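Under full-length UniProt numbering, the first residue of the sequence shown carries the number 1, and numbering increases by one thereafter.
Heads up, the beta-carbon is just placed ideally off N, CA and C, and yes, glycines get one too.
Keep in mind that this is a model prediction, so the values were computed, not measured.
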Amino acid sequence: MKKLFNDWKRILFLGLVILAIALFLRLIKLTYLPVFVDEAIYIRWSQIMINESTLRFLPLSDGKQPLFMWTDMAFLKLFADPLFAGRFLSTVTGLGTLVGICVSSYYLFKSPKVSLLAGLLYALSPFAVFFDRLALVDSMLSMFGVWTFFFGMVMAKTKRLDVAMVVGFSLGGAVLTKSPGIFFALLLPTTWLISDMPKVRNKKVIHFTKLFLLLLISYAIAFGMYNVLRLGPNFHLLGQRNYDYVYPYTRIFTSPLDPLKGHLGGIRTYALELLPVSAFVLFVLGIVLGLRRIYMRRTLLLLAWAVLPILVMAEFSKVVTARYVLFVLPYVFILASGVPLTAKKNLKNIAIAVIGVFVIQSLYINYQLLTKVEAATLPQGERSGYVEEWTAGWGIKEVAEFIKQENQKDPKTKIVVGTEGYFGTLPNGLEMYLEGVDNVVIIGVGLGISDIPKSLRESKDAGNKTYLLVNTSRFTGNADKLGLKEVASYPHPARTPGTLEYRSKGPQEIMHLFELTW
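Next comes the structure, spelled out in structure tokens:
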């Protein structure tokens, strides 16, 4: 044991350093970015499920799997800040993905250096850092995916029943997290590529029969876990909501390149700007070098898990954003990390230089993301959604603090806050922060607000302190004529000139908190 420790202590130390770097980048200033629309919804669901046991399957009402929200319930009990709690969960699952990448790359290449490099690429990549800091389900999906991949390889190599059961549990976690978990189920048979293939024909039949039976056991466990969702009243909505996001398979026969070309162009942008480009170069080199005979099966396996889901999503998805492809990053980085192992001396030196560029690039982009997100390198869709538009909840936490202070000044007076929308950033973001505050009521009053909603007029007439929280793009009325006094305003970072939002809505979104005066 002592000899084993001495042989591995340097590797373990470097691994812990990489883990510490990853934790630092994902944990520092975790709530710097305001709550995003989906974060507000998921965290609010978790809060409701804590308080009402009959609503434990509430996410099914919107066609969403609930595992992330179930887990977040525990984190909400640990931390006072609900946004920190939800994002900390994603940080933990991100670290789980990192460890899965390290063990998977070592299992494939039997090289500690490759394993450490794969972990370093994931730890530093702005793509991974950005989404491992958000209370979204995608980080958890990525974690379950890479562990399904790892245990799938172990099952293919060892043909052990206990490993097949672990594969089933990991796959079950994936399909309870998000619908794309089905990709892992479909890709599991590709792990047979690295199994020890017998040369005798009869033994080949036995070999594949065992693998097939073990795979069925894994599927049965995962399917059984997924069917827990049938206990909820809205299980049928999972399938219905999937049709809101994907085209029917028959579309490939009528419009095979639409939206394939457009989505692939967008995914290329995500790779060049967020991966970033230096990591993409390593990935391409990994493919070219890995297709040599000695590494071909491992390369084909990684390519299948990295590329096939992207092609399917690009062909059939109505919308593809950066976070939708997060779960393929582990296989991209594992393939990229094999370059120094497979390259000859001159090319190896080039690869080392590219790795150096990657480290510098990633640290610079991460610094921007953590200190001045409006100046960071982000694809326009992500900049719009997470930073510039109404989907980013700039000022919501400050409004919540103001409402709490007003409540403390006069606890007996009821406070009613009307917000734009019915769910999403508002009102769920405000509800999230004001959970458990007595005598405060938050109501969504819809979009395109041009007059004071009847419910808010009635609240004011009843003697309640009444407020309206609305973004500029959602408010078309005249505040003075409507008896609205502005209490505070919270400008978003300026919109990018030339974009559709800039041309149609103006240079900047601003959230306003009004008080009804009459």
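Which residues in the same chain as residue 381 place their Cβ atom closer than 7 angstroms to its Cβ, once the five residues preceding and following it in sequence are excluded?
321
Just reading off the alpha helix (DSSP H) that residue 173 is part of, what are its end residues?
161-175
Going by DSSP in three states, residue 417 sits in which element: helix, strand or coil?
strand
For residue 388 and residue 471, which I take to be in contact (beta-carbon distance under 8 angstroms), what is that distance rounded to the nearest angstrom?
With 8 angstroms as the limit, residue 388 and residue 471 do not qualify as a contact, their Cβ atoms being about 11 angstroms apart.
Cβ of residue 221 within 8 angstroms of Cβ of residue 172?
yes
To the nearest whole angstrom, what separates the beta carbons of residue 21 and residue 123, a pair I think is in contact under 8 angstroms?
5 angstroms
Could you compute how far the alpha carbon of residue 44 sits from the alpha carbon of residue 391?
Their Cα atoms are separated by approximately 15 angstroms.
Measuring straight from C-alpha to C-alpha, what distance separates residue 216 and residue 176?
C-alpha separation (whole angstroms): 18 angstroms.
Just list the residues that DSSP pairs residue 475 with in beta bridges.
As computed with DSSP, residue 475 is found in a beta bridge with 449.
If you draw a straight line from the C-alpha of residue 375 to the C-alpha of residue 366, how long is it?
11 angstroms
Please report how far the alpha carbon of residue 325 lies from the alpha carbon of residue 334, in whole angstroms.
16 angstroms
In angstroms with no decimal places, state the Cα-to-Cα distance between residue 452 and residue 465.
Rounded to the nearest angstrom, the two C-alpha atoms are 14 angstroms apart.
Spell out the partners DSSP gives residue 444 in its beta bridges.
419
Comparing C-alpha positions only, which one of 284, 282 and 261 sits nearest to residue 314?
261
Per DSSP, what are the beta-bridge partners of residue 317 in this structure?
For residue 317, the pairing in a beta bridge is given by DSSP as 246.
Under the three-state reduction of DSSP, which class applies to residue 466: helix, strand or coil?
Strand.
Locate the alpha helix (DSSP H) running through residue 376, then write down its first and last residues.
Here residue 376 belongs to no alpha helix (DSSP H), and DSSP marks it neither H nor E.
Report the residue ranges of all alpha helix (DSSP H) runs contained in full by the stretch 250-275; include only those spanning at least 4 residues, in chain order.
251-254 and 260-274
How many Å lie between residue 66 and residue 38 at the Cα?
13 angstroms
Per DSSP, the bridge partner or partners of residue 489:
512
Could you check the C-alpha separation between residue 501 and residue 492 for me, to the nearest Å?
13 angstroms
Straight-line CA distance for residue 344 to residue 11?
24 angstroms
The alpha helix (DSSP H) with residue 119 in it runs from where to where?
Segment 112-124, the alpha helix (DSSP H) holding residue 119.
Rounded to a whole number of angstroms, what is the C-alpha to C-alpha distance between residue 104 and residue 347?
Straight-line Cα distance between these residues: approximately 24 angstroms.
State the CB to CB distance for the pair residue 422 and residue 400, rounded to an integer number of angstroms; the pair is presumed to be in contact (CB under 8 angstroms).
So it is not a contact: roughly 19 angstroms between Cβ atoms.
Provide the residue(s) that pair with residue 208 in DSSP beta bridges, ordered along the chain.
Note: residue 208 is not bridge-paired with any residue in the DSSP secondary-structure output.
What residues in its chain sit with their C-beta under 6 angstroms from that of residue 518, if we drop five residues either side in the sequence?
483
Which residues share a DSSP beta bridge with residue 36?
392
Residue 484 - partner residues in DSSP beta bridges:
516
For residue 40, collect the residues of the same chain with a Cβ closer than 7 angstroms to its Cβ; drop the 5 residues on either side in sequence, then sort them by chain order.
393, 424, 425, 428, 429 and 432
Cβ-based burial, residue 164 [other Cβ within 10 Å; buried from 16]:
buried
Is the beta carbon of residue 178 sitting closer than 8 angstroms to the one on residue 246?
no
Check this for me: beta carbons of residue 53 and residue 72, under 8 angstroms apart or not?
no
Identify, in the order they occur along the chain, each residue of the same chain with its Cβ nearer than 6 angstroms to the Cβ of residue 143, setting aside the five sequence neighbours on each side.
93, 96 and 97
Counting C-beta neighbours from all protein chains within 10 Å, is the total for residue 508 16 or more, i.e. buried, or is it exposed?
exposed
For the alpha helix (DSSP H) that residue 330 lies in, which residues bound it at each end?
329-337
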